[in-house]
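**Q** So the sequence shown is residues 1 to 498, counted in my numbering. Attaching a single structure in structure tokens format; questions to follow.
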Amino acid sequence: MKQTTYLKINPADSVVVCLQPKKKGDVIDIDGKQVTVLQDTPAGHKVLISDKKEGEDIIKYGYPIGHVRKDLKAGEWVNENNLKTNLSGTLEYTYQPVNEELNIKDEKRTFRGYVRKNGEVGVRNEIWIVPTVGCVNGIAERLADQLRKETACKDIDAVYAWHHNYGCSQLSGDHENTRKVLRDICLHPNAGGVLVLSLGCENNQPDQFMEMLGDYDKNRIKLLVTQKVEGDEVEEGMKLLRELYDVASQDRREEVSVNKLRVGLKCGGSDGFSGITANPLVGEFSDWLVAQGGTSILTEVPEMFGAETILMNRCKTPELFEQTVSLINNFKEYFLSHGEPVGENPSPGNKAGGISTLEDKALGCTQKCGRAPVSGVLEYGDRLQVNGLNLLSAPGNDLVAATALASAGCQLVLFTTGRGTPFGTFVPTMKIATNPTLAARKPNWIDFSAGQLVEGRTMQELLPEFIDKILRVASGELARNEENGYREISIFKNGVTL
């Protein structure tokens, strides 16, 4: 990307994005004319380059991102105060397939992972304690602490207990969501051993839950029902954990094809640079991974609103198109059923960073999945069935969505951010900064800076470095969230708590 102080992303755009702050009176040379900036405008924000009448659309990324609330003159700062979303309720869509060849060669790359009995590959070899109900969270933590002290994690990567508040007092859909996500965690290849920890009287009955796991490896997944233990349940738990440790500690990394890699795509704390730097970089990686035979998953359905037709028309089949339409409209119905507007998604941090409407956010957000065709569509809690680019139903909430990506089978998550965030889910959660300022301010949070793209580096230069970094993390290098010990899960809840 050419180093400049502003950028017109698409030839059809009616705005430029300021790559550096602009002062009132600064002049922008664009499309053979000079535009005088009429207000001080922060970096990441938009300046109008042609007059607009009330109700006319503003174009960014080549698509409408909303309409102006009043007449605006060229040079004005375009933001949430003078721009309004075009989004409303559910829509009808027509399948207009677009097939674009990636033309990316198979590089036969590998990473060093843990090959599991069922052929899946983990990028970590950890022991996990998975409560079936929140009532035993405290016991789970005691067990995790004791195993860490006893073993010093000498021959495994880590020990974690995955806290959650559910497993009882839930009905229908919420109850099944909890069971499915906990099942997915138990079966995840990043775990070398899992202790399923139950109370015994919860709605998420332990025997029925274990049946959900299917034909699982009983040497690596064990159950403890604490109400059935005479005396000290912690010591009983430790006996099982020692057995799991003995098995997992024998595992070793080996070279495996990158086609075994499954990567989740997520953004949060986005800014005006997200759709210019980090999201396109992740999109280039996603296309590269798909071309190698690997898998990427895009979620955050509400952050597809306004860009959904781009994804729909990349679906490989009419059936996938219909599933994607349902993915979008079902989430819109969820909003409307709670009396909430469809288009009110950008957070205060998003707006401060230069994102004015949900369409503005979505057109930047969806760039994380590049140009590859859509090969699969997943409901919340589903596990991956096909390689290639998949779409997953989950909300935009960072921890809920990242947990859903990992639950689907992703061994790591790529998380782009312009404002910064420290969190991680139960798999490595790599943070990619959209701007150089964030990367410099929070190096303890950030794994890679895509902000180099506004400092003169090109995508062709940066992409190989980014790929190498991801493969190093897949091979055992710790992500920042792992170094900091910031790891947790969150399960989607919609209904009644009894």
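Glycine is no exception: its CB is placed at the ideal position from the N, C-alpha and C atoms. Just so it is clear, the structure is predicted and the values come from calculations on it, not from any experiment.
Can you tell me where the alpha helix (DSSP H) holding residue 337 begins and where it ends?
**A** From DSSP, the alpha helix (DSSP H) with residue 337 extends over 318-337.
**Q** What beta strand (DSSP E) runs, 3 residues minimum, are completely inside the segment 1-74?
**A** Listed in chain order, the complete beta strand (DSSP E) runs (minimum 3 residues) inside the segment 1-74 are 15-18, 27-30, 33-36, 46-48, 57-60, 63-68.
**Q** Look up residue 389 in the DSSP assignment and say whether it is helix, strand or coil.
**A** Three-state result, residue 389: strand.
**Q** Determine the extent of the beta strand (DSSP E) in which residue 193 is found, giving its start and end residues.
**A** Residue 193 -> beta strand (DSSP E) spans 191-198.
**Q** In terms of residue numbering, what span does the alpha helix (DSSP H) encompassing residue 472 cover?
**A** It spans 459-474 - the alpha helix (DSSP H) in which residue 472 sits, taken as one unbroken run.
**Q** How would you label residue 2, buried or exposed, when you count the other beta carbons within 10 angstroms and need 16 or more for buried?
**A** Note on residue 2: pLDDT 47, under 50, position unreliable in the model; no value is reported.
**Q** Locate the alpha helix (DSSP H) running through residue 492, then write down its first and last residues.
**A** Here residue 492 belongs to no alpha helix (DSSP H), and DSSP marks it neither H nor E.
**Q** Thinking just about the alpha-carbon of each residue, which of 207, 243, 234 is nearest to the one in residue 219?
**A** Minimum Cα distance to residue 219 is reached at 243.
**Q** Please work out which residues of its chain come closer than 7 Å, Cβ to Cβ, to residue 190, disregarding the five sequence neighbours upstream and downstream, and give them in chain order.
**A** The answer, listed in chain order, is 122, 123, 124, 126, 411, 427.
**Q** Which residues bound the alpha helix (DSSP H) around residue 210?
**A** Its alpha helix (DSSP H) spans residues 206-212.
**Q** Near residue 141, what residues of its chain come up, given a Cβ to Cβ distance below 7 Å and the 5 sequence neighbours on each side ignored?
**A** The residues are 161.
**Q** First and last residue of the beta strand (DSSP E) that includes residue 263?
**A** Counting along the chain, the beta strand (DSSP E) containing residue 263 begins and ends at 262-267.
**Q** In angstroms, rounded to a whole number, what distance separates the CA positions of residue 470 and residue 454?
**A** One C-alpha to the other measures close to 21 Å.
**Q** Hey, residue 60 and residue 360 are a contact pair by Cβ (cut 8 Å); roughly how many whole angstroms apart?
**A** About 6 Å separates the two Cβ atoms, so the contact holds.
**Q** DSSP puts residue 170 in a beta bridge; with which residues?
**A** According to DSSP, which records beta bridges pairwise, residue 170 is partnered with 497.
**Q** Any idea if residue 407 is buried or exposed, counting beta-carbon neighbours within 10 angstroms, 16 or more meaning buried?
**A** Buried, by the Cβ-count rule.
**Q** Please report how far the alpha carbon of residue 487 lies from the alpha carbon of residue 148, in whole angstroms.
**A** Approximately 16 Å between the Cα atoms of the pair.
**Q** Could you name each continuous beta strand (DSSP E) segment of 3 residues or more that falls completely within the segment 408-445, going from the start of the chain to the end?
**A** Those beta strand (DSSP E) runs which fall completely within the segment 408-445 and span 3+ residues are 412-417, 429-433.
**Q** Which of helix, strand or coil does DSSP assign to residue 315?
**A** Strand at residue 315.
**Q** If I measure Cβ to Cβ from residue 398 and keep anything under 6 Å in the same chain, skipping five residues before and after, which residues do I get?
**A** Excluding sequence neighbours, residue 398 sits near 268.
**Q** Which word fits residue 497, buried or exposed, when buried means at least 16 other C-beta atoms lie within 10 angstroms of its C-beta?
**A** Per the 10 Å Cβ criterion, exposed.
**Q** I need the straight-line Cα distance from residue 332 to residue 318, nearest angstrom please.
**A** One C-alpha to the other measures close to 21 Å.
**Q** Between residue 204 and residue 158, what straight-line distance do the alpha-carbon atoms span, to the nearest angstrom?
**A** Answer to the nearest angstrom: the Cα atoms are 27 Å apart.
**Q** In three-state terms, what does DSSP make of residue 159?
**A** Strand.
**Q** Since residue 131 sits in a beta bridge, which residues does DSSP pair it with?
**A** The partner list for residue 131 (beta bridge, DSSP) reads 197.
**Q** Mapping the DSSP letters down to three states, classify residue 275 as helix, strand or coil.
**A** Here residue 275 sits in coil by DSSP.
**Q** How would you label residue 52, buried or exposed, when you count the other beta carbons within 10 angstroms and need 16 or more for buried?
**A** With 16 or more other Cβ atoms within 10 Å, it is buried.
**Q** Can you list, in chain order, the residues of its chain whose CB lies under 8 Å from that of residue 247, leaving out five sequence neighbours each side?
**A** Closer than 8 Å at the Cβ level, and outside the excluded window around residue 247, lie 192, 193, 219, 220.
**Q** Less than 9 Å between the C-beta atoms of residue 350 and residue 270, yes or no?
**A** Yes; because the gap between Cβ atoms is below 9 Å, this pair is in contact.
**Q** Quick one: what's residue 504 bridged to in DSSP?
**A** Nothing about residue 504 can be read from this structure; the chain reaches only from 1 to 498.
**Q** Should residue 10 be labelled buried (16 or more other beta-carbon atoms within 10 Å of its own) or exposed?
**A** Its Cβ having fewer than 16 others within 10 Å, residue 10 is exposed.
**Q** Roughly how many angstroms lie between the CA atoms of residue 507 and residue 39, to the nearest whole one?
**A** No information on residue 507 is available, as it lies outside the stretch 1 to 498 that the chain covers here.
**Q** What number of angstroms, rounded off, separates the C-alpha of residue 206 from the C-alpha of residue 340?
**A** Looking at the two C-alpha atoms, the distance is approximately 37 Å.
**Q** For residue 278, is the classification buried or exposed, using 16 other Cβ atoms within 10 angstroms of its Cβ as the cut-off for buried?
**A** It counts as buried.
**Q** Taking one C-beta from the segment 289-302 and one from the segment 426-444 each time, how about it: are there three or more such pairs within less than 8 Å?
**A** Too few Cβ pairs lie closer than 8 Å, so no.
**Q** If we count the other Cβ atoms within 10 Å of its Cβ and call it buried at 16 or more, is residue 201 buried or exposed?
**A** Classification of residue 201: exposed, given that the 10 Å Cβ count is below 16.
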